[in-house]
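Notes follow the structure.
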Amino acid sequence: MSILILGGTGEARALATELHTRRITATSSLAGRVSRPRMPVGEVRQGGFGGIAGLATYLAEHGVDAVVDATHPFAATISANAVAACAHAGVPLLRFARPGWSGLPGSEKWTWVDDHHEAARAAAAPGERVFLSTGRQTLAHFTGPLATNAVLVRVVDPIAEPLPRGWQVLERRGPYLLADERELLRSFRVTTLVTKDSGGDYTRAKLDAAAELGVRVVIVRRPEPAGPTTTTVDTLAHAIAWAAR
Ligand SMILES: NC(=O)c1ccc[n+]([C@@H]2O[C@H](COP(=O)([O-])OP(=O)(O)OC[C@H]3O[C@@H](n4cnc5c(N)ncnc54)[C@H](OP(=O)(O)O)[C@@H]3O)[C@@H](O)[C@H]2O)c1
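All letters in the sequence shown, in the order written, are residues 3 to 247 by the numbering used here.
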C-alpha cells in the first residue's frame, strides 16, 4: 500500500505523521515554492510533476495505490491535475479541504469578492491603510491599485520585485496568535484587511483581531472545487480513515 500526499499545508504534514505512525507507506509531495519548507515526516519529493501527464506517469511508475490531495484550497491547478491524472491512471483520489471561514461570526459583514483583482479594487480608497495577507504570488494584482496606499504585506519568503514606496514587508510564517495579530493591526493603524478564504485555525487570528478592532475585511472566495464529484472530507480523522482503508 503506497499513498501519495499532495501537500504544502499543515494538515498534509499532520496526515503524513499519522500515516507514518500507523506504518502506512506515504510520500509527501511539495511544489518547491518556499525556500525553507517545513518538512513532513517520512518520504518527501519536491517540484512539479509536469502537468497532468507527468503526474499520471509518476503514479504509474511509483506504484501509487491512492492519492490524498491535501493542498491549499487556493492551489487550484494541482487539484485539477490530480483529478484528471488519477482518473487517467485509475488511482483512487481523496480531496481533503479544510473548512472555510464563511461560517465565522461576523463573516456576513465582510466584503466577499471573486478574485484578487476584485479584492484590490474593493480595498483601494484614498487613506486606507491595508494589511495584505494573500501571499507573494498574488502581489501583482495589488501593486497598481494600492500604489498610493500605506500597505503592510506579510509573506514567507523575501519579495524580489520592487514595491510602491508606502509599502512595508513583514517576513513571517504562521501560525499566528491573536495577541500578536491585534498588536500588528494596531501598530500599523490598519483600516482594511485583505485576505483569502484559506480557512482553518492556522491563520485565522487576524480575522478575530480585525473583528475586535473594527477593521474592514475584504476576502477572496475560494475557487470552485476541482472535480466536484471527487470524494471530499474536511477532517483529518476522515482522511486518515480513508487512507487506512
Ligand atoms: N496557493 C496558496 O495560497 C497556498 C498557500 C499555502 C500553501 N500552498 C501550497 O503551495 C503549493 C503551491 O501552491 P500553488 O497555489 O502555487 O499551486 P497551483 O497553482 O495549484 O499549482 C501550480 C503548479 O505547481 C505544481 N504544484 C503545486 N502543488 C504541488 C505539490 N504539492 N506537489 C508537486 N507539485 C505541485 C504543479 O506543477 P506541475 O504542473 O509541473 O505538476 C502545479 O501545476 C501547494 O503545495 C500548496 O498546497 C499554497
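We put the beta carbon where it would ideally sit given N, CA and C, even for glycine.
Cβ neighbours of residue i in the same chain (closer than 7 angstroms, five flanking residues each side left out)
{"i": "Ala78", "result": "Pro225 and Ala228"}
{"i": "Tyr204", "result": "Gly12, Gly176 and Pro177"}
{"i": "Leu106", "result": "Leu209"}
{"i": "Ala207", "result": "Tyr178, Leu179, Leu180 and Glu183"}
{"i": "Ala122", "result": "His143, Phe144, Pro147 and Leu148"}
{"i": "Trp114", "result": "Ile221 and Arg223"}
Beta-ladder partner(s) of residue i, from DSSP
{"i": "Asp71", "result": "Leu8 and Arg97"}
{"i": "Lys198", "result": "Val222"}
{"i": "Thr29", "result": "Leu6 and Glu45"}
{"i": "Arg188", "result": "BP columns for Arg188 are empty, so no partner."}
{"i": "Thr234", "result": "Arg97"}
{"i": "Arg131", "result": "Ala152"}
Residue i - DSSP class collapsed to helix/strand/coil
{"i": "Leu180", "result": "helix"}
{"i": "Val219", "result": "strand"}
{"i": "Thr136", "result": "coil"}
{"i": "Glu20", "result": "helix"}
{"i": "Arg15", "result": "helix"}
{"i": "Glu173", "result": "strand"}
{"i": "Val155", "result": "strand"}
{"i": "Trp114", "result": "strand"}
{"i": "Arg123", "result": "helix"}
{"i": "Trp103", "result": "coil"}
{"i": "Ala62", "result": "helix"}
Residue i versus residue j: straight-line alpha-carbon distance, rounded
{"i": "Tyr178", "j": "Glu13", "result": "16 angstroms"}
{"i": "Val157", "j": "Ala89", "result": "35 angstroms"}
{"i": "His22", "j": "Arg38", "result": "22 angstroms"}
{"i": "Leu186", "j": "Ile80", "result": "33 angstroms"}
{"i": "Gly217", "j": "Ala245", "result": "Note that residue 217 is Val in the sequence shown here, rather than Gly. Straight-line Cα distance between these residues: approximately 41 angstroms."}
{"i": "Met3", "j": "Gly56", "result": "21 angstroms"}
{"i": "Asp67", "j": "Pro94", "result": "7 angstroms"}
{"i": "Arg47", "j": "Arg100", "result": "23 angstroms"}
{"i": "Ile54", "j": "His64", "result": "15 angstroms"}
{"i": "Glu173", "j": "Asp159", "result": "6 angstroms"}
{"i": "Gly52", "j": "Thr232", "result": "22 angstroms"}
{"i": "Arg24", "j": "Val235", "result": "20 angstroms"}
{"i": "His74", "j": "Ala33", "result": "11 angstroms"}
{"i": "Pro49", "j": "Thr27", "result": "First, the amino acid is wrong: residue 49 is Gly here, not Pro. Cα-Cα distance, rounded: 20 angstroms."}
Residues near residue i by beta carbon distance below 8 angstroms, same chain, minus five either side
{"i": "Ile161", "result": "Arg138, Leu141, Val155 and Val171"}
{"i": "Thr150", "result": "Pro128, Pro166 and Gly168"}
{"i": "Leu61", "result": "Leu6, Val69, Ala87, Cys88, Ala91 and Val93"}
{"i": "Leu195", "result": "Val132, Phe133, Ser135, Leu187, Lys208, Leu209, Ala212, Val217, Arg218, Val219 and Val220"}
Close-in-space but distant-in-sequence residues of the same chain around residue i (CB under 6 angstroms, 5 per side omitted)
{"i": "Phe190", "result": "Leu154"}
{"i": "Ala126", "result": "Pro147 and Leu148"}
{"i": "Ala20", "result": "First, the residue type needs correcting, since residue 20 is Glu and not Ala in the sequence shown. Result list for Glu20: Ile242, in chain order."}
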